Amino acid sequence: MPSSERTLRVEAIVLRHNDWGEADRLLTLYTREEGKLRAIAKGVRRLRSRKAGHLEPFTRVKLMLARGRDLWIVTQAETLAAYLSLRDDLERIAHASYVVELLDRFTYEEGGNRALFDLLAVTLQRLNEGHPSFTVLRYYELRLLDLLGFRPELFRCVGCGEEIQPVDQFFSPLLGGVLCPRCGGQDTSARPVSVNALRFLRHFQRSSYAEAGRAVIPLPVQQEMETRMQDYLTYYLERGLNTPGFLRAVRRRNPD
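Be aware that the sequence shown starts at 897, since it is given in the numbering used here, and climbs by one per residue.
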């Protein structure tokens, strides 16, 4: 537990929950004040539980927590934002699930990071309001990597240090960014990245969300950007994420 206090009042977003015992749930929370926490919500699987509706994944809540023997215990819960539109269809659920899984997998119970909490909250809000999912997710990925210290180098070759020129390059998660054509052989696992995909990744990395949202990106370039980002994230997580496969399955069912 990150705090010596007997009680905590926190603002949190529910990342996920698992059944615990006969009627309880184990919650994984990301809080504004303390970062990632786990807490037990007692009795919420009972039909008459008043807390159950406040503690669903993606919900932003105000909680009172009491110290238990090993875990915090939820004693009070109040919904601040339910993000109800995220639950309207499978694709929105998949997008929100991806956002929370990415934060969950990259973080540990090691103290607060208000910038991460704010990024998570504003990203869920954007998805809830129906912003274009491609822009929301790619911008979220790049800002998350910035805040966690894994920012990919997109402007200079990570092999020779020279400024990247407007030609096709290579993208190397192993070396942390882009390799110029001369240095591409330094990492045999590096993948080609086109001029346009790199141009828009750079734009997203250095721009505000509003500026990123004005970019008109052809679908094949969007797909390439998504693939290169998945390569990078998978490398640093050391294993694949669960939700991209779910999202691909949903897209196949709803091709429009």
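Quick reminder that beta carbons are idealized off the backbone N, C-alpha and C, glycines included.
Note that the coordinates shown come from a computational prediction; the quantities given were computed from them, not determined experimentally.
Expected contact under 8 Å - CB spacing of residue i and residue j to nearest Å
i	j	result
S1068	V1091	Not quite, the Cβ-Cβ distance comes to about 17 Å (not below 8 Å), so this is no contact.
F954	Y994	Wrong, their Cβ atoms sit about 11 Å apart, outside the cutoff.
G1038	F1100	According to the sequence shown, residue 1038 is Leu rather than Gly. That pair is a contact at about 5 Å.
L961	I969	7 Å
Candidates the options, of which the one nearest residue i by Cα
i	options	result
E974	R1098, V1146, R905 and G1072	R905
Y1131	A1093, L1094 and S1085	S1085
P1028	L911, V910 and G1109	G1109
D1000	S981, E1049, D1014 and V910	V910
A908	R941, D1042, F1051 and E952	E952
L998	L1033, R1010, E1005 and Q1061	L1033
Coil, strand or helix - residue i by DSSP
i	result
E1006	coil
L922	strand
R963	strand
R902	coil
H950	helix
M897	Only weak support exists for where M897 lies, its pLDDT of 49 falling under 50; the value from the coordinates is given anyway. Correct three-state label for M897: coil.
Q1061	coil
V1054	coil
S991	What sits at residue 991 in the sequence shown is His, not Ser. If DSSP states are grouped into helix, strand and coil, H991 belongs with the helices.
A937	strand
F1100	helix
Through-space distance from residue j to residue i, alpha-carbon basis
i	j	result
H950	V957	7 Å
G1141	C1076	31 Å
Y1035	Y1105	7 Å
N1024	A1017	10 Å
L967	L933	9 Å
D1127	R902	43 Å
F1051	R942	54 Å
Y926	G939	21 Å
Range covered by the beta strand (DSSP E) that runs through residue i
i	result
E974	W968 to A977
V1074	G1073 to L1075
G1141	No beta strand (DSSP E) contains G1141, which is instead part of the alpha helix (DSSP H) from T1139 to R1149.
Delimiting residues of the alpha helix (DSSP H) encompassing residue i
i	result
P1116	L1115 to L1133
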